[in-house]
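Peer 1: My questions all concern the structure below.
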Amino acid sequence: MKVLLTGGAGFIGQHVLRELMTRGHDVRVLDSLRTDVHTAGAAAWSPPRGAELVTADVRDRAALDRALAGRDAVLHLAAKVGLGVDVGDLPDYAASNDLGTAELLAAMARAGVGRLTLASSMVVYGEGIGRCAEHGDVRPDPRTEKALAGGEFEPPCPVCGRAVSAALVDENAPLDPRNAYASSKVAQEFYAANWARVTGGSVAALRYHNVYGPGMPRNTPYAGVAAIFTSALRRGEAPKVFEDGRQRRDFVHVRDVAAATVLACERHAAGVRAFNVGSGTPRTVGDMAAALANALNGPRPVVTGAFRLGDVRHITADSSRLREELAWQPQVKFDDGMTELASA
Ligand code: UD1
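Read left to right, the sequence shown gives residues -11 to 332 (the working numbering).
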């Protein structure tokens, strides 16, 4: 297929680009090479031989029209990522992610390109679903600053206040975005669904878990916890684990994520469908820190009790839809992936 890949110079984007090319697709990349992400400077990145690069922002209409000419499908990964801890971040999330997607969809309609694969996120589920012994499946409220400061990290049952256990969320779980980034991902999914309804186009929204692997952003505001811990260990410092270290995430390797994204582009050609993308094996952040400390032979992690107000406690999803409908199988085992990250 002739595809347009937005954000192809980013961490996940570069792996998707490689996967697309390996599978014989003709790839054009649109990337703004924004300097807060590409700290080495825009000139530091160029696409591999055989791929084309249009250096432009997704909000640039003329560039979009050029970039979409002759394309069969779009993979939309360009976005401002991170948590969005400050209200001052809201306009940039809305402009980069909401408006950027709206411009892209309008340009796709102009160009007659009807196939979209969208990078979404597990953060759209907020705190997800908790299971209360008495009240069954419940939706925990956001954790308060007071509770977190008092070391109460588990979100309680909203009915009786007792601790709930985290259940795996499937794609039908209610959307409950709890920070600026999450809100913009939900908005992107809704804009895309509106566009699909009007134009007859198809949308696969891939809700990525915590993606890690070679090329992870380090030392930027977009660094995920695995990169932060790796950098600390390389400096000879202990990883600082927030809360009590028992918060769960599903760490999924970037090559597995890239494979899922390309499969969705190739195989999902009708309607709107969301797919959770996780390894299926949740880990605690404390366990992940220990695995990296082992791999790098560094100091043991320190559990600090510090917290970030925008964080959710557990993010764990059921990714069976992706396995069943798109025949995806994660290939990289957690220990192997952490060892590779440590040595990258
Ligand atoms: C991550 C992604 C987000 C994505 C989501 C999907 C990043 C920066 N964020 O969010 O884009 O939508 O997964 O599931 O990649 N922590 C520490 N010590 C630190 C830093 C963080 O213990 O120094 C803890 C946090 O409190 C949190 C966990 O590690 O509990 C994960 O944090 P982070 O890597 O920032 O990712 P998410 O917030 O899960």
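Just so you know, even glycine gets a beta-carbon here, dropped at the ideal spot from N, CA and C.
Do Tyr81 and the ligand GTP come close, with the Cβ less than 7 Å from some heavy atom?
Peer 2: Absence of the ligand GTP from the depicted structure is noted, with the ligand UD1 being the only ligands included.
Peer 1: With DSSP run on the structure shown, which of helix, strand or coil describes Val147?
Peer 2: In the structure shown, Val147 sits in coil (DSSP, three-state: anything other than H, G, I, E or B).
Peer 1: Which same chain residues, not among the five before or five after Glu312, have their C-beta less than 7 Å away from its C-beta?
Peer 2: Answer for Glu312: no residue qualifies.
Peer 1: On the DSSP letters alone, give me the boundaries of the beta strand (DSSP E) that Leu106 sits inside.
Peer 2: That run of the beta strand (DSSP E) goes 103 to 109.
Peer 1: So for Arg16, helix, strand or coil by DSSP?
Peer 2: Looking at Arg16 - three-state DSSP - the assignment turns out to be strand.
Peer 1: Quick one, which of Ala305, Ile303, Gly293 has its alpha-carbon nearest Glu140's?
Peer 2: Checking every option, the nearest Cα to that of Glu140 belongs to Gly293.
Peer 1: Just reading off the beta strand (DSSP E) that Glu40 is part of, what are its end residues?
Peer 2: Looking at the DSSP string, the run of the beta strand (DSSP E) that includes Glu40 is 40 to 43.
Peer 1: By the DSSP assignment, the alpha helix (DSSP H) with Val213 in it spans what residues?
Peer 2: Unbroken alpha helix (DSSP H) run through Val213: 213 to 222.
Peer 1: Assuming Tyr169 and Gly70 make a contact with CB atoms under 8 Å, what is their CB distance in whole Å?
Peer 2: Right, their Cβ atoms sit about 6 Å apart.
Peer 1: Arg271 bridges to which residues according to DSSP?
Peer 2: Its beta-bridge partners are Arg237.
Peer 1: Assign Asp238 to buried or exposed, taking buried as 16 or more other Cβ atoms, counted over all protein chains shown, within 10 Å of its Cβ.
Peer 2: It counts as buried.
Peer 1: Going by C-alpha distance, which of Arg243, Lys228, Thr249 is nearest Val320?
Peer 2: Of the listed residues, the one whose Cα sits closest to Val320 is Arg243.
Peer 1: Going straight from the alpha carbon of Pro146 to that of Glu115, what length do you get?
Peer 2: In a straight line, the C-alpha of Pro146 is about 12 Å away from that of Glu115.
Peer 1: Taking 8 Å as the limit between beta carbons, can you name the residues of its chain near Gly138, skipping five residues before and five after?
Peer 2: Cβ within range, chain order: n/a, list empty.
Peer 1: Can the beta-carbon of Ala154 be found less than 8 Å from the beta-carbon of Ala252?
Peer 2: No, these two residues do not count as a Cβ contact at 8 Å.
Peer 1: Any heavy atom of the ligand UD1 closer than 7 Å to the Cβ of Arg237?
Peer 2: Checking every heavy atom of the ligand UD1 against the Cβ of Arg237, one is found closer than 7 Å.
Peer 1: Please state whether DSSP places Leu52 in a helix, a strand or coil.
Peer 2: Leu52 falls in the helix class under three-state DSSP.
Peer 1: Buried or exposed: where does Gln317 fall if 16 or more other Cβ atoms within 10 Å of its Cβ makes it buried?
Peer 2: It is exposed - the Cβ of Gln317 has fewer than 16 other Cβ atoms within 10 Å.
Peer 1: Drop a sphere of 10 angstroms on the beta-carbon of Val368, count the other beta-carbons inside from all chains shown, and report buried for 16 or more, exposed for fewer.
Peer 2: Summary: the structure shown does not reach residue 368, with the chain confined to residues -11 through 332, and so no result is reported for it.
Peer 1: In chain order, what residues of the same chain have a beta carbon less than 6 Å from the beta carbon of Ala211, not counting five sequence neighbours either side?
Peer 2: Once the five neighbours on either side are set aside, the close Cβ partners of Ala211 are Pro205.
Peer 1: Tell me whether His64, by its Cβ, gets closer than 7 Å to a heavy atom of the ligand UD1.
Peer 2: Result no, Cβ not under 7 Å from the ligand UD1.
Peer 1: Pick out whichever of Ala61, Leu21, Arg166, Phe230 has its Cα sitting closest to the Cα of Arg255.
Peer 2: Cα-wise, what sits closest to Arg255 is Ala61.
Peer 1: Answer with buried or exposed for Cys148, where buried requires no fewer than 16 other C-beta atoms within 10 angstroms of its C-beta.
Peer 2: Exposed, because fewer than 16 other Cβ atoms sit within 10 Å of the Cβ of Cys148.
Peer 1: Please name the residue or residues paired with Arg195 in a DSSP beta bridge.
Peer 2: For Arg195, which the question treats as bridged, DSSP gives the partners Ser108, Asn264.
Peer 1: List the residues that DSSP assigns as beta-bridge partners of His64.
Peer 2: DSSP, once it has assigned bridges, lists Thr(-6), Leu106 as partnering His64.
Peer 1: If we call anything under 8 Å between Cβ atoms a contact, is Val245 one with Val265?
Peer 2: Closer than 8 Å, so yes.
Peer 1: On a CA-only basis, which of Ala214, Arg103, Asp19 is nearest Lys(-10)? Give me that one, please.
Peer 2: Of the candidates Ala214, Arg103, Asp19, the one whose C-alpha sits nearest the C-alpha of Lys(-10) is Arg103.
Peer 1: Between Glu231 and the ligand UD1, is the CB less than 7 Å from at least one heavy atom?
Peer 2: Yes - the ligand UD1 has a heavy atom lying nearer than 7 Å to the Cβ of Glu231.
Peer 1: Does at least one heavy atom of the ligand UD1 sit under 7 Å from the Cβ of Ala211?
Peer 2: Indeed, a heavy atom of the ligand UD1 lies less than 7 Å from the Cβ.
Peer 1: Use the C-beta contact count for Asp323: other C-beta atoms within 10 angstroms, 16 or more gives buried, fewer gives exposed.
Peer 2: Classification of Asp323: exposed, given that the 10 Å Cβ count is below 16.
Peer 1: Inspect the beta-carbon positions of Gly(-5) and Leu65 and report whether they are closer than 8 Å.
Peer 2: Yes, they are a contact pair.
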